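Data first, discussion second: the structure below is written as structure tokens.
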Ligand code: DON
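Numbering (UniProt numbering), first residue to last: 27 to 344.
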């Protein structure tokens, strides 16, 4: 943890130009006041609409950040690709593909929509697919499963994580649609009998506290073949890195995924608390946090920053 919080490895003089660029970018979009706080999970409405942080971690361990990059918030849907990576490590591609597809839906993240041909949820980034993925952990016992998830995130970020229990309770109390999805999938044999336990674990994984610096670490690790560039720890088997990046690319921004792929052209994942992680393979991870959301549940400022960054730096994959 100390190692990560010690930002002395920023080569300030050599990289001050980029740091200045980031400062200007942050200032430009801080004044943008569009969007609304998520309110369907009541606790998320307590966020400060002014919060705005950007963090970039390169695959060779340099760190650039600005604004509220240490402010914690709940990870929400950004947990989904990382838990998907865990399920792949636990069960392998074939089993996971039998339970969760890899097809974008063009639908909202919480839509009640399963593939009629095989009863599978369409992909692991929408709620249905994420719940089915959370059902694919091998360790026994509810607290052991949560521990497995928390430890996985620690490998990516290099620090310990906790669940924000107020957000968890708030999600659980208002999560009828997720419950309906879980029971529907259980009815067709897509998830196992411990339905309530799986739902609790899904609500808990979404309620894990992170900062946008943590998100940048996660992005950098996945951009670095699964190896955390600061600690050197392998967070994800490199064999599954391409699976995770591919679903982020095609499905990570929900019903904005096609437009995102067109405009930004990089794998990313958003969440309703206002976070966004983007991975630029072989180069860096970017974490952004700003809780004002557009109608599709993506952070307004985060989208603007990614669009401008990729344009200015020529990062679009194509
Ligand atoms: O299941 C839910 O509704 C939330 N826990 C996660 C949703 C989320 O972050 C979707 N993101 N845009």
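C-beta: ideal position from N, C-alpha, C; glycine also.
If you're wondering where the values come from, they're calculated on a predicted model, not measured in any experiment.
Let me confirm a value: residue i is counted as buried when at least 16 other C-beta atoms fall within 10 Å, else exposed. Which label applies?
i, result
"residue 94", "buried"
"residue 44", "exposed"
"residue 29", "With a pLDDT of 40 at residue 29, under the threshold of 50, the modelled position of this residue cannot be trusted; read the value that follows with caution. Label assigned to residue 29: exposed."
"residue 325", "buried"
"residue 177", "exposed"
"residue 308", "exposed"
"residue 164", "exposed"
"residue 266", "buried"
Can you tell me whether residue i sits near the ligand FMN, meaning its C-beta is under 7 Å from at least one heavy atom of the ligand?
i, result
"residue 236", "In terms of ligand content, the structure shown lacks the ligand FMN and carries the ligand DON instead."
Can you find a CB in chain C that lies within less than 8 Å of the CB of residue i?
i, result
"residue 94", "Judged by its chain identifiers, the structure shown contains no chain C, having just a single protein chain."
Helix, strand or coil: which one does DSSP assign to residue i?
i, result
"residue 236", "strand"
"residue 68", "helix"
"residue 133", "coil"
"residue 73", "coil"
"residue 140", "strand"
"residue 9", "With the chain covering only 27 through 344, there is no way to say anything about residue 9."
"residue 100", "strand"
"residue 253", "strand"
"residue 27", "The pLDDT assigned to residue 27 is 33, lower than 50, so where the model puts this residue is not dependable; a value taken from the coordinates is nonetheless given after this. It is coil, neither helix nor strand."
"residue 152", "coil"
"residue 189", "strand"
Taking 7 Å as the cut-off, does the CB of residue i come closer than this to any heavy atom belonging to the ligand DON?
i, result
"residue 135", "yes"
"residue 332", "no"
"residue 218", "no"
"residue 296", "yes"
"residue 232", "yes"
"residue 197", "yes"
"residue 204", "yes"
"residue 209", "no"
"residue 132", "no"
"residue 153", "yes"
"residue 192", "no"
"residue 103", "yes"
"residue 61", "no"
"residue 79", "no"
"residue 280", "yes"
"residue 308", "no"
"residue 284", "no"
"residue 323", "yes"
State the beta-bridge partners of residue i as determined by DSSP.
i, result
"residue 315", "79 and 301"
"residue 90", "82"
"residue 113", "Its beta-bridge partners do not exist; DSSP assigns none."
"residue 147", "140"
"residue 325", "319"
"residue 296", "302"
"residue 310", "84 and 306"
(request) Could you say if the stretch 112-122 and the stretch 331-341 meet the contact criterion of at least three C-beta pairs nearer than 8 Å? (result) no
(request) Check whether the stretch 299-308 touches the stretch 280-288, counting contact only when three or more Cβ pairs, one atom from each stretch, lie closer than 8 Å. (result) no
(message) Whether or not the stretch 289-300 and the stretch 312-322 are in contact is what I'm after, with contact meaning three or more pairs of Cβ atoms, one per stretch, closer than 8 Å; do they touch?
(response) yes
(request) Spell out a yes or no on whether the stretch 176-195 and the stretch 142-152 are touching, meaning 3 or more CB-CB pairs, one atom from each, closer than 8 Å. (result) no
(message) Across the stretch 64-80 and the stretch 190-203, are there enough close Cβ pairs to call them in contact, namely three or more that are closer than 8 Å?
(response) yes
(message) For the pair the stretch 96-114 and the stretch 257-276, tell me if three or more CB-CB distances fall below 8 Å.
(response) yes
(message) Any contact between the stretch 78-89 and the stretch 204-222? By contact I mean 3 or more CB pairs, one from each, below 8 Å.
(response) no
(request) Say whether the stretch 241-252 touches the stretch 212-227, bearing in mind that this needs 3 or more beta-carbon pairs closer than 8 Å, one atom from each stretch. (result) no
(message) Under 8 Å, with one C-beta from each stretch per pair, do the stretch 156-176 and the stretch 120-127 reach the 3-pair mark?
(response) yes
(message) When you compare the stretch 97-104 with the stretch 232-252, are there three or more beta-carbon pairs, one atom per stretch, that lie closer than 8 Å?
(response) yes
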